[in-house]
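Q: In this note's numbering, the protein residues as written are 1 to 144.
(1) Who are residue 48's beta bridge partners in DSSP?
(2) If we count the other Cβ atoms within 10 Å of its Cβ and call it buried at 16 or more, is residue 74 buried or exposed?
(3) Is it the case that the Cβ atoms of residue 89 and residue 47 are separated by a distance below 8 Å?
(4) Look up residue 107 in the DSSP assignment and say whether it is helix, strand or coil.
(5) When we look at the beta-carbon of residue 83 and count the other beta-carbons within 10 Å, is it buried (16 or more) or exposed?
(6) Hey, residue 114 and residue 85: beta-carbon distance below 8 Å or not?
(7) Among the residues of its own chain, which have a CB less than 7 Å from the CB of residue 146, if the five just before and after it don't count?
(8) How would you call residue 105, buried or exposed, if buried means at least 16 neighbouring beta carbons within 10 angstroms?
(9) Could you give the first and the last residue of the continuous beta strand (DSSP E) run that contains residue 89?
(10) So, with DSSP's three-state summary, where would you put residue 127?
(11) Helix or strand or just coil, what does DSSP make of residue 69?
Written as structure tokens, this is what we have:
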């Protein structure tokens with residue numbers, strides 16, 4: 001494997017990035033293409049782990065305030081889970097937040113991902129929303 005973390009740059013890379021997000025995060029919930037995006041896409045930092053141009057993980061970072069960043073739309077291909085890819089990408093996103101002088105990162109973790117985030121230092125703040133009336137999320141935070 002030749003892993004690297006990159007930001008999408010070309011139209012084709014962005015299309016692949018968003019399709020990956022939809023395929024992993026929205027398609028299993030029977031949601032249409034387009035639901036994998038929100039109004040903060042243009043002002044966010046998009047990152048993906050690639051192996052020979054194949055996307056294996058994605059994540060997005062945006063800044064909520066001068067102290068706080070937020071990770072959203074984080075997903076790792078099922079075939080690459082429990083191999084350190086998620087930790088690898090989260091470390092990159094955390095480093096980007098630190099470079100931007102942010103003091104903490106928040107995220108809303110799906111119930112099945114809470115233990116992963118705990119393992120890399122995030123703490124549960126509270127139960128948050130239920131996505132599409134199906135998936136409980138938990139607000140989590142890590143001080144950088």
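Positions of the beta carbon are idealized from the N, C-alpha and C atoms, including for glycine.
A: In this structure, then:
(1) Counting from 1 along the chain shown, the entry for residue 48 is found at position 48. In DSSP, residue 48 forms a bridge with 6 and 58.
(2) Looking up residue 74 in the chain shown gives position 74. Buried.
(3) By 1-based counting over the chain shown, the position of residue 89 is 89. By 1-based counting over the chain shown, the position of residue 47 is 47. Going by C-beta atoms, residue 89 is nearer than 8 Å to residue 47.
(4) In the chain shown, residue 107 corresponds to position 107, counting from 1. Strand, per DSSP.
(5) Counted from its first residue, the chain shown places residue 83 at position 83. Answer is exposed; the Cβ neighbour count stays below 16.
(6) To locate residue 114, count along the chain shown from 1; it is residue 114. To locate residue 85, count along the chain shown from 1; it is residue 85. Contact flag unset, no.
(7) This structure cannot speak to residue 146, because the chain is shown only from 1 to 144.
(8) Here residue 105 refers to the residue found at position 105 of the chain shown. Buried, by the Cβ-count rule.
(9) On the chain shown, residue 89 is found 89 positions in, with the first residue counted as 1. No beta strand (DSSP E) contains residue 89, which is instead part of the alpha helix (DSSP H) from 85-99.
(10) Residue numbering aside, residue 127 sits at position 127 when the chain shown is read from its first letter. In this structure, residue 127 counts as strand in the three-state DSSP scheme.
(11) As a working mapping, residue 69 is identified with position 69 in the chain shown. Residue state, collapsed to three classes: strand.
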